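Going by the working numbering, the first residue of the sequence shown is number 35, and it counts up by one from there. Below you'll find the structure, written out as structure tokens, and then a few comments.
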Amino acid sequence: MEDAPAAEDNNPRRVHWEKVVDVGILCCIFGTLLGGFIYFAVMDLRIHLVDPAFRLYSATMSLPNASASEFTATWDVTVVAFNPNHNLNISFNSLQAAVSYATKVSYATDPSGSAAVMLATKLVPPPSLLTTRARTTHRFTVETVSANVGDDVARKISEGRAHGGVRFEINLLGQYRYASYDKSPRMIKACYQVEFEFSPGNSTGTLTRTRQPFECEHYARSHT
Ligand SMILES: *[C@@H]1O[C@H](CO)[C@@H](O)[C@H](O)[C@H]1NC(C)=O
Ligand SMILES: *[C@@H]1O[C@H](CO)[C@@H](O)[C@H](O)[C@H]1NC(C)=O
Ligand SMILES: *[C@@H]1O[C@H](CO)[C@@H](O)[C@H](O)[C@H]1NC(C)=O
């Protein structure tokens with residue numbers, strides 16, 4: 035006669051099934067975690083958002099009057115807008131362009147006080163829909179008419195014009211969103227340091243030097 039409880043304890047089939055159930059539960063938990071991890075990793079790679087980029091392509095400026103109280107100038111600017119994303123279109127809501135005169139050479143050597151004087155600001159037509167990897171050219175003008183820039187700025191600009199070049203900053207502030215991904219608007223800032231040279235008796239200056247990309251310090255200060 036067999037001892038029933040002992041036989042049950044020693045039953046290899048019962049022990050086997052318990053293990054199978056335990057291992058099964060562990061596998062389920064592990065599989066779920068792994069699946070979730072892979073899912074989010076893939077989603078993250080697929081929707082990796084990269085900001086659009088602007089690059090200054092060319093610029094000229096006309097300066098018919100550089101007097102302190104009748105300062106009149108027009109900047110004609112061409113930029114290239116680029117969508118670096120492989121799977122996201124970018125649409126722009128607005129684009130603001132501003133030109134300021136940099137009275138200081140560098141914040142690093144002299145961080146005190148206000149260094150840039152805003153001369154002109156304008157809402158310009160934004161780039162149309164930038165499809166994936168698209169690069170498009172945009173031309174716009176920013177002007178100031180009979181502005182009062184004060185004696186100091188007028189004198190410095192006139193001196194620069196007569197001796198080599200005048201340095202300005204062109205700042206762009208764009209509001210955009212990733213089409214079909216996220217409707218919330220995002221901002222992009224792009225800043226360029228430019229220098230124009232004028233021939234004697236000619237009010238049109240040509241771009242001789244550019245610094246880009248340029249950290250948007252002055253812009254941030256004058257707009258916040
Ligand atoms: C600039 O404007 C001032 C003030 O109106 C005027 O006296 C001067 O002649 C103008 N200069 C030029 C080059 O137009
Ligand atoms: C981007 O826009 C183009 C043109 O409207 C469209 O054909 C394309 O499917 C869009 N791509 C994405 C990823 O939304
Ligand atoms: C003035 O300078 C611009 C740019 O350098 C040049 O294209 C233009 O021909 C010049 N105009 C005159 C009248 O010299």
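Just so you know, even glycine gets a beta-carbon here, dropped at the ideal spot from N, CA and C. Remember, it's a predicted structure, so these values are computed and weren't measured experimentally.
Contact test: residue i Cβ vs ligand 2 heavy atom, cutoff 7 Å
i	result
A102	no
L83	no
L163	yes
N205	no
S214	yes
N121	yes
T106	no
T267	Any question about residue 267 goes unanswered here, given that the chain covers just 35 to 258.
Residue i Cβ short of 7 Å to ligand 1 heavy atom set
i	result
P98	yes
Residue range of the unbroken beta strand (DSSP E) whose run includes residue i
i	result
S96	87-99
T155	150-158
N- and C-terminal bounds of the alpha helix (DSSP H) containing residue i
i	result
A196	184-196
Any non-hydrogen atom of ligand 3 closer than 7 Å to residue i Cβ
i	result
S92	no
T112	no
T238	yes
S128	no
S233	yes
Buried or exposed (CB count within 10 angstroms, at least 16 for buried), residue i
i	result
E203	buried
C225	buried
D186	exposed
I63	exposed
F126	buried
P160	buried
A154	buried
V164	The identity of residue 164 in the sequence shown is Leu, whereas the question assumes Val. Buried is the call here.
S162	exposed
R173	exposed
R243	exposed
L157	exposed
R255	Note on R255: pLDDT 43, under 50, position unreliable in the model; the coordinate value appears next. Flag for R255 reads exposed.
V54	exposed
A131	buried
R201	buried
L3	It is not possible to answer for residue 3, since the shown part of the chain is limited to 35 through 258.
I191	buried
E52	exposed
M35	Because M35 carries a pLDDT of 48, less than 50, the predicted location of this residue cannot be relied on, and no value is offered for it.
Residues that residue i bridges to, as DSSP identifies them
i	result
T244	V228
R169	F116
N205	A132, C225
A107	T178
F126	Y210
D56	Answer is none; D56 lacks a bridge partner.
T238	S96
Heavy atom of ligand 4 within 7 Å of residue i beta-carbon
i	result
N182	Here the bound small molecules are ligand 1, ligand 2 and ligand 3; ligand 4 is not part of this structure.
Contact the stretch 102-112 vs the stretch 174-191: 3+ CB pairs below 8 Å: With a cut-off of 8 Å, the stretch 174-191 and the stretch 102-112 count as touching, because enough Cβ pairs lie within range.
The stretch 108-118 in contact with the stretch 84-95 per 3-pair CB rule at 8 Å: Yes, the stretch 108-118 touches the stretch 84-95.
Would you call the stretch 214-221 and the stretch 64-71 in contact, with 3 or more CB pairs under 8 Å? Contact between the stretch 214-221 and the stretch 64-71 is absent: fewer than three C-beta pairs spanning the two stretches fall below 8 Å.
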